[in-house]
Amino acid sequence: MRILIIEDEVTLNKMLAEGLKEFGYQSDVVETLKDGEYYLDIRNYDLVLMDWMLPDGNSVDIIGDIKSNTPKTVVVVLSARDDNESEIEALRAGADDYIRKPFDFDVLIARIEARLRFGGSNIIEIEDLTINPEEEKITYKENEIELKGKPFEVLTHLARHRDQIVSKEQLLDAIWEEPELVTPNVIEVAINQIRQKMDKPLGITTIETVRRRGYRFCFPKEIN
Numbered sequence: 001m002r003i004l005i006i007e008d009e010v011t012l013n014k015m016l017a018e019g020l021k022e023f024g025y026q027s028d029v030v031e032t033l034k035d036g037e038y039y040l041d042i043r044n045y046d047l048v049l050m051d052w053m054l055p056d057g058n059s060v061d062i063i064g065d066i067k068s069n070t071p072k073t074v075v076v077v078l079s080a081r082d083d084n085e086s087e088i089e090a091l092r093a094g095a096d097d098y099i100r101k102p103f104d105f106d107v108l109i110a111r112i113e114a115r116l117r118f119g120g121s122n123i124i125e126i127e128d129l130t131i132n133p134e135e136e137k138i139t140y141k142e143n144e145i146e147l148k149g150k151p152f153e154v155l156t157h158l159a160r161h162r163d164q165i166v167s168k169e170q171l172l173d174a175i176w177e178e179p180e181l182v183t184p185n186v187i188e189v190a191i192n193q194i195r196q197k198m199d200k201p202l203g204i205t206t207i208e209t210v211r212r213r214g215y216r217f218c219f220p221k222e223i224n
């Protein structure tokens with residue numbers, strides 16, 4: 001599970017990131033709306049945990065875009081505002097939960113767990129192909145495909161952005177924890193494994209190379 005933390009209070013965002021890590025969550029931390037929107041554009045998140053007021057705007061203003069682009073992403077607003085009107089405003093904007101500051105971390109974790117449990121499935125279904133990120137499982141016409149690790153994550157990311165061309169740099173930023181420490185050829189290795197372990201045996205094409213630009217998820221597309 002990956003969580004995006006949008007919080008400009010450095011002590012708090014550090015505490016949240018470290019605490020979530022202890023519970024097995026991966027998290028990215030940003031301090032502005034602009035940076036939050038950048039990460040939302042390049043990565044897939046199960047949950048966004050965001051402060052109401054940020055240096056460059058009101059986080060509630062971007063909830064509609066988050067829900068429009070990734071309806072299954074859970075949005076939790078953290079706020080020092082303790083009036084009912086603010087909570088109603090956030091919930092009506094599309095937030096899944098509203099937590100007042102200061103809060104107990106154990107209560108926060110319990111509410112995050114509850115929201116992720118009932119927030120809906122992130123399973124991708126396209127015709128006879130099913131990609132289940134939660135179980136790292138792929139099935140095609142009831143046949144299970146053995147594709148794990150980074151190749152699975154690359155396939156999943158491209159499938160979630162199937163109407164877009166995704167560059168190597170975007171894939172590195174979205175999937176690798178420290179993209180600056182790896183070379184772009186790891187993407188080529190992952191794509192090759194997808195084609196060898198999945199496309200060729202099944203007689204399908206899931207990913208096409210767009211020269212000099214990157215890759216695009218193109219299933220369904222039959223191999224002639």
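In case it helps, UniProt numbering puts the sequence shown at residues 1 to 224. Heads up, the beta-carbon is just placed ideally off N, CA and C, and yes, glycines get one too.
Check                                                                                                         : Outcome
Inter-residue spacing [alpha-carbon to alpha-carbon] between residue 200 and residue 109                      : 43 Å
Per-residue DSSP class, three states only, for residue 82                                                     : coil
CB contact flag (residue 63, residue 93, <8 Å)                                                                : yes
Among 113, 35, 159, nearest to residue 24 - alpha-carbon criterion                                            : 113
Segment contact flag, the region 72 to 86 with the region 37 to 54, C-beta cutoff 8 Å, min 3 pairs            : yes
Per-residue DSSP class, three states only, for residue 195                                                    : helix
Residue 3, enclosing alpha helix (DSSP H) - first and last residue                                            : Taken as a continuous stretch (DSSP letters only), residue 3 belongs to no alpha helix (DSSP H), being part of the beta strand (DSSP E) at 2 to 6.
Buried versus exposed, by CB contacts within 10 Å (16 or more), residue 223                                   : Summary for residue 223: the model assigns pLDDT 46, below 50, so the residue's position carries little reliability; its value from the coordinates is reported in the next sentence. Looking at its Cβ environment, which holds fewer than 16 other Cβ atoms inside 10 Å, residue 223 is exposed.
Endpoints, the alpha helix (DSSP H) within which residue 175 is located                                       : 168 to 175
Where residue 278 sits in the DSSP three-state scheme                                                         : The displayed coordinates of the chain run from 1 to 224. Any statement about residue 278 would go beyond what the structure contains.
Local conformation of residue 152 per DSSP, three classes                                                     : helix
Classification of residue 44 by the beta-carbon crowding that lies within 10 angstroms, buried from 16 upward : buried
Selection from 69, 178, 85 that minimises the alpha carbon distance to residue 169                            : 178
Beta-carbon proximity check, residue 206 vs residue 187, cutoff 8 Å                                           : no
Assigned secondary structure, residue 91 (DSSP; H/G/I helix, E/B strand, else coil)                           : helix
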